[in-house]
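In our numbering, the protein residues as written are 836 to 1217. All C-beta atoms, glycine included, are put in the ideal place defined by N, C-alpha and C.
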Amino acid sequence: MPTLNPELYTIAWIAPLEIEARAALSLFDKVHDGDFPLARGSDYVFHAGTVRNHNVVLATLPPGQSYGTATAGALAGQVKMFFPNLWFGLLVGVAAGLPNLSQSPPRDIRLGDVLVALPEGDRAGLVAYELGKDVGEDNIQLLFHGHALARTETIVRSAIGKIKLRGSNAFLSYYQQIKDEKHANGTFIDPGQDQDILYELDEVVSRPLRPESQRTKVWYGPIGSGEKLIENSRRRDELRDQLNIIGLEMGAAGTMNTIPVGVIRGVCDYADSHRNEDWQPYAAAMAAAYAKTILNTIQPKKVHHSHFVVPLGQNTDLVRRASILDQLLQRIPPTANLNDYQLTAIEGRGDVGKTQVALETADWVRDEYPDCSIYSVSFENA
């Protein structure tokens, strides 16, 4: 089995639940064969692959591990430590949607819709609703007025903004590619709008079926994140109305201050007592499809790998020969133009310091141009 190089991977795709990770892998353009080297203290085994020319590492929780802000934070911490060239991350999976049919216009969120965390006005894109002070009557005074978590990386918000502005449903084509793929509990197929039932005070809310051309909608706005799984419609509505959030999830509050991820969630329930897992595969697939659209919108970042192969260390007692060094440094700055390289030779009598001048020059180039590789080749016996 090949050994994968962690330095080559720039995107973290965090999908804590198994069905979320299965949907993600199904949408990878290529799954990389091999494993990352493990060290003492490594708790997680990562998957790797290519998505729209990005080298992506997929992080998920092992079977049987509880899921919440703490475990999501631990997972994100190991991802950040293990992959030194990480650019940004995406937290992709399922969540509860919070419809509000009484507002104008109605926020008619349905199962299978996609929620994308974005700030709105003076409200943060992600709200850690359990961080704050209980001021009574089920009200919480949020820590830092709800801005306790880091903001999503600018490049991710910019890509989301572009998708939103264009009103693009291109992600639906990605879903079509995987909807019939099998997993442990079936496929990613849509359970059907007739199975999407919203309850208010244990009464079924009547909502017309959407036309198939408008089956799935994307909702942008603040999402609440906490440690507890909510299955209480009264508490759900309180949080919705107090915080004006579009969904509830578990994990982002533990992840954001380690890796400021973009949060994409497929709606699988309404955070009430009627919650079940029937909609999780379809919702996870929809979220994964939208995440792939984000990666398709962002051009891959090139990772440069430099080498410094010089057998002798720097001489700290060297008296710097400024005039000679300055001449050398003017002649040999690294260049991306292969037709504009310099060949430079240092000549002189033995033991006058040619090697030390060359070493000083090599150290300067390494400090000023960290992406530049430097090799020392001996011709002593040539």
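In the structure shown, what three-state DSSP assignment does residue i receive?
i       : result
Ser1060 : strand
Ile1181 : coil
Thr895  : coil
Val1039 : strand
Gly932  : strand
Ala847  : strand
Gly1089 : helix
Thr838  : strand
Ile1209 : strand
Lys999  : helix
Ala963  : strand
Arg958  : strand
Glu855  : helix
Asp1015 : coil
Glu1084 : strand
Lys1189 : helix
Tyr1055 : strand
Leu1225 : The structure shown has nothing for residue 1225, since the chain only spans 836 to 1217.
Phe1006 : helix
Arg942  : strand
Asp1107 : coil
Leu926  : strand
Asp1029 : helix
Applying the criterion that 16 or more other CB atoms from any shown protein chain within 10 Å of the CB defines a buried residue, is residue i buried or exposed?
i       : result
Val949  : buried
Met836  : exposed
Asp1025 : buried
Val886  : buried
Ser1041 : exposed
Tyr1010 : buried
Gln938  : exposed
Ile1181 : exposed
Tyr1105 : buried
Tyr1210 : exposed
Glu1195 : buried
Thr1179 : exposed
Asn1172 : Note on Asn1172: pLDDT 48, under 50, position unreliable in the model; the coordinate value appears next. Exposed is the call here.
Asp1107 : buried
Thr838  : exposed
Under DSSP, the alpha helix (DSSP H) around residue i begins and ends at which residues?
i       : result
Thr906  : Thr904 to Phe917
Leu1130 : Gln1115 to Thr1132
Arg1100 : Element bounds for Arg1100: not the alpha helix (DSSP H) but the beta strand (DSSP E), Gly1097 to Asp1104.
Arg1075 : Ser1068 to Leu1078
Would you mind reading off the limits of the beta strand (DSSP E) that contains residue i?
i      : result
Gly884 : His882 to Val886
Ala952 : Val949 to Ala952
Please state if the CB of residue j and the CB of residue i are separated by a distance shorter than 8 Å.
i       : j       : result
Gly1101 : Ala1087 : no
Ile846  : Asn890  : yes
Trp848  : Ala858  : no
Leu1033 : Pro941  : no
Asp1029 : Leu946  : no
Val929  : Glu855  : yes
Checking contacts by CB at 8 Å: is residue i closer than that to chain D?
i      : result
Arg942 : Absent here is chain D; the protein component of the structure consists of one chain.
Count Cβ pairs between the segment 863-875 and the segment 1049-1065 that sit closer than 8 Å; are there 3 or more?
no
Tell me, please, whether the segment 983-996 touches the segment 1078-1085 by the rule of three or more beta-carbon pairs shorter than 8 Å.
no
Check whether the segment 876-885 and the segment 910-925 touch, using three or more Cβ-Cβ pairs below 8 Å as the test.
yes
Check whether the segment 990-1006 touches the segment 1123-1130, counting contact only when three or more Cβ pairs, one atom from each stretch, lie closer than 8 Å.
yes
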